[in-house]
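**Student:** Protein chains in written order, with our numbering: chain Y, 9 to 425; chain A, 14 to 419.
#1: What is the rounded straight-line gap between the Cα of residue 280/A and the Cα of residue 356/A?
#2: Hey, is residue 375/A's beta-carbon within less than 8 Å of any beta-carbon in chain Y?
#3: Specify, as a first and last residue, the run of the beta strand (DSSP E) that residue 243/A falls within.
#4: Excluding the 5 residues preceding and the 5 following residue 9/Y in the sequence, name in chain order all residues of the same chain whose CB lies nearer than 7 Å to its CB.
#5: Between residue 287/A and chain Y, is the shortest Cβ-Cβ distance under 8 Å, so that the two count as touching?
#6: Is the beta carbon of residue 177/Y closer than 8 Å to that of residue 164/A?
#7: Where residue 143/Y and residue 90/Y are concerned, what is the direct C-alpha to C-alpha distance, given to the nearest angstrom?
#8: Which word fits residue 59/Y, buried or exposed, when buried means at least 16 other C-beta atoms lie within 10 angstroms of its C-beta?
#9: Helix or strand or just coil, what does DSSP make of residue 134/Y?
#10: Can you give me the Cβ contacts of residue 237/A inside the same chain, cut-off strictly under 6 Å, excluding the 5 residues immediately before and after it?
#11: So with CB distances below 7 Å, who are the chain A contacts of residue 163/Y?
#12: So, for residue 264/A: in the same chain, excluding its five sequence neighbours on each side, which residues have a beta-carbon less than 7 Å away from its beta-carbon?
#13: Within 8 Å of any Cβ in chain A, is that where the Cβ of residue 178/Y sits?
#14: Is the Cβ-Cβ distance between residue 55/A and residue 49/A less than 8 Å?
#15: For residue 244/A, return the contacting residues in chain Y, with the cut-off set at a CB-CB distance below 8 Å.
#16: Using 10 angstroms around the beta-carbon of residue 261/Y, count the other beta-carbons present and answer buried if the total reaches 16, otherwise exposed.
#17: Just to confirm the assignment, what range does the alpha helix (DSSP H) spanning residue 87/Y have?
#18: Using C-beta distances below 8 Å, list every residue in its chain close to residue 377/A, excluding the 5 sequence neighbours before and after it, in chain order.
#19: Any idea if residue 147/Y is buried or exposed, counting beta-carbon neighbours within 10 angstroms, 16 or more meaning buried?
#20: Which two residues bound the contiguous alpha helix (DSSP H) that contains residue 43/Y?
#21: Using a cut-off of 8 Å between C-beta atoms, extract the partners of residue 367/A located in chain Y.
#22: For chain Y, find out if any of its Cβ atoms is closer than 8 Å to the Cβ of residue 148/A; answer yes or no.
#23: Can you find the residues in the same chain that come closer than 6 Å, C-beta to C-beta, to residue 309/Y, ignoring five residues on each side of it along the sequence?
#24: Using 8 Å as the threshold, is the segment 224-231 of chain A in touch with the segment 375-389 of chain Y, meaning 3 or more CB pairs across them?
#25: Once the 5 residues before and after residue 107/A are set aside, which same chain residues still bring their CB inside 6 Å of it?
#26: So with Cβ pairs under 8 Å, would you call residue 357/Y a contact of chain A?
#27: So, does the CB of residue 84/A fall closer than 8 Å to a CB anywhere in chain Y?
#28: Starting from residue 16/A, find everything on chain Y with Cβ-Cβ shorter than 8 Å and list it in chain order.
#29: For residue 173/A, which residues from the same chain have a beta carbon less than 8 Å from its beta carbon, with the 5 sequence-adjacent residues on both sides left out?
#30: Taking only beta carbons into account, state which residues of the segment 236-247 of chain Y come closer than 7 Å to chain A, listed in chain order.
#31: Whose C-beta lies closer than 6 Å to the C-beta of residue 266/Y among residues of the same chain, with five residues either side of it excluded?
#32: Any chance the segment 70-86 of chain A sits against the segment 98-117 of chain A, with 3 or more Cβ pairs inside 8 Å?
#33: Suppose the cutoff is 7 Å on Cβ atoms and the five residues either side in sequence are ignored; what does the same chain contact list for residue 151/A look like?
#34: Which stretch, first to last residue, makes up the beta strand (DSSP E) that contains residue 55/Y?
#35: Could you check whether the Cβ of residue 237/A sits closer than 8 Å to any Cβ belonging to chain Y?
#36: From residue 364/Y to residue 85/Y, what distance separates their C-alpha atoms?
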């Protein structure tokens, strides 16, 4: 076992010894490599000298304890913990040589350049595979490496729109505010990121099992978002009918939506007929469970409006806190619609440690969302905070490539680093 | 050659999150054995829309089940009976991975929890997916996707702004919480499998909560709250940090515009015939545009409303400005790029004839996805698996069937 595999905690590191070269920017690639870093891989993030990842410039800058602005943004901080930043200009021949030399020592490379861009720099899959056949090389782009739109740039919102997920999100047409709705976070970037992680780990498994050496993985935001719409798009494929936009209600289950209590909305849902029977009893409407219109979910789907009209007024009579207590006691799933303040104050999320605070030089400490995976034997590690631009350039170039301090100074003077 | 050839998965999960993870492993080449309740099976066999066969007759197969269970073998075992429990233990001895999404503690009653199964197969990677996790005050509560959309803060940032028509929190139209948890489950399982084989020789327990997973997925928007203490505004179809990044009305429909950097903004304005806008100091950089959104957006909207979607789209494409139509599913699957990428495919199915499937989006160069089977009929492979893995003979299978164990 390699010494790095057992840190001071006494627990082994999940991806000990796995080295990742991260040539990606903004969201999908960086979110994927952060997950690999959380799992214990050594991730080297290559950034453009002076500028760095575009997400360093997106969103408001954060402030330290004294209220002074520091050079980090929330989007960058949310996707780059655990990495080392190396600033190298790949448009120069020396810079290209450095990145290439690093790639030869890595297991995984993740990039999200436009199709063909890295080929010009000799950093494409074919070039690197020839020199390091064990390299797992993941390309994540808007439209994929092939097809009529392969060369176009693409961003999250366009894929939310093109994949059909906006067409099924939002109020029904003809109602106030009706029309397709954007999902409030970069769901297409994040969904592509999960596929990158899964594909990289699958490819590492195949390599280790001797099935093959390294390989090229081609992930597109459009494809992955289409795949993630899963059972709703399958509803379309099975019938040829576009699923209606139902606001906050569900296509397949009734009741399964928010109801207004006397003071605030509450999501109430029944995952099966037993839960509906308990809901009806808790509402003092026990007869509904034996009513032929409502006894089973298919019947409730047909008679959605009639049912909502019957239970809505009852729920409206009492406060949300009352109903949470009554329905939870009765085994009926329900939940408030949290803003972030309420979400992060929730006792369950507090118990699970989903918001963590770690030391962070520029601000003293930094609150972050934790990785949600809980391993019994190889806990997720958070050893390094998000790096400053180029923070580890010298260390990595010296340790991995044996570049001397004099040469580093020279490369920095000429703008390569 | 597949990614996970030789890997065997015992899938005890139902509905969405676990089956989604199991299907991904099946796509990658693992042998996935889905254990279902005799008679009824997975709950989603009874949810969703019924698929029709080639003659247009409705079959018993539902869209929700068909979407998440391809590539698996279905084995019916009654887990509430001791004989059923011992069959599952025997199967688990021969598996690398167990996926389950029962409420915390349910499987311990049957002797099928991590402690019990790892004792007889220490190499087992055992992934528990639940609404709230194996620990904490809500661990015993059942959980469904909309609860996690609402509790995670996701709904608070989706929908029209308060005060606008239809304003208020909005649910995402697919089960994003389930699917997200499925992705985390697969990631964790594959990493644990590698660690077992390369380093430790033993498996481990993975405890994954839908609530945790959805909170983590919100990523940079949640981070905006954490660093500022301010709830990010709900902006309808616009983004809080990038502008213009939203849908606009054209003369015949809507177009989505996603201008990701200042160069694209210059190109975008040139197409609109507003070449001076980027020179305006209020709009020169993205942070300034985001701040001065209310001054900028109406100027863009006025021009975009004058022409049809297709015409704008062609011009923006030529200029390298990312835009897209808001597709319904008919347009999605007719899109030339989606068709080129073969995201829609068909698998043979004994009841339906041929069943359409959304393909796995991962493209491996060396270990391409190999689709074997469509989603199985309930118990379709019970006898096959018991013969193959447990060496039961016809008599043994018949006896179990008689006793209603399988």
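Beta carbons: idealized from backbone N, C-alpha and C, even for Gly.
**Tutor:** Checking against the coordinates, here is how it stands:
#1: 31 Å
#2: yes
#3: Run containing residue 243/A: none; DSSP gives neither H nor E here.
#4: Any answer about residue 9/Y is weak, because its pLDDT of 33 lies below 50 and its placement is not dependable; what the coordinates show is given next. No residues qualify anywhere along the chain.
#5: Not closer than 8 Å to any Cβ of chain Y, the Cβ of residue 287/A fails to qualify, so no.
#6: no
#7: Each residue's Cα considered, the two are about 21 Å apart.
#8: Residue 59/Y comes out exposed.
#9: helix
#10: Correct list, in chain order: 245.
#11: Scanning chain A for C-beta atoms nearer than 7 Å to the C-beta of residue 163/Y yields 271, 273 and 335, reported in chain order.
#12: 318, 319, 320 and 321
#13: yes
#14: yes
#15: 347, 348 and 349
#16: buried
#17: 82-87
#18: 16
#19: buried
#20: 36-46
#21: Within chain Y, no residue comes near residue 367/A; the closest Cβ sits about 11 Å away, beyond 8 Å.
#22: yes
#23: 262
#24: The answer is yes - the segment 375-389 of chain Y touches the segment 224-231 of chain A, with three or more Cβ pairs under 8 Å.
#25: 402
#26: yes
#27: no
#28: Chain Y residues near residue 16/A: 210, 211, 213, 214 and 219.
#29: 179, 180, 181, 183, 247 and 249
#30: 236, 237, 238, 239, 240, 241, 242, 243, 244, 245, 246 and 247
#31: Apart from sequence neighbours up to five positions away, the residues of its chain that approach residue 266/Y with a beta-carbon distance below 6 Å are 256, 273 and 275, ordered along the chain.
#32: Taking one beta carbon from each stretch, the segment 70-86 of chain A and the segment 98-117 of chain A have fewer than 3 pairs nearer than 8 Å; the two do not touch.
#33: 145
#34: Here the beta strand (DSSP E) through residue 55/Y covers 50-55.
#35: yes
#36: 13 Å
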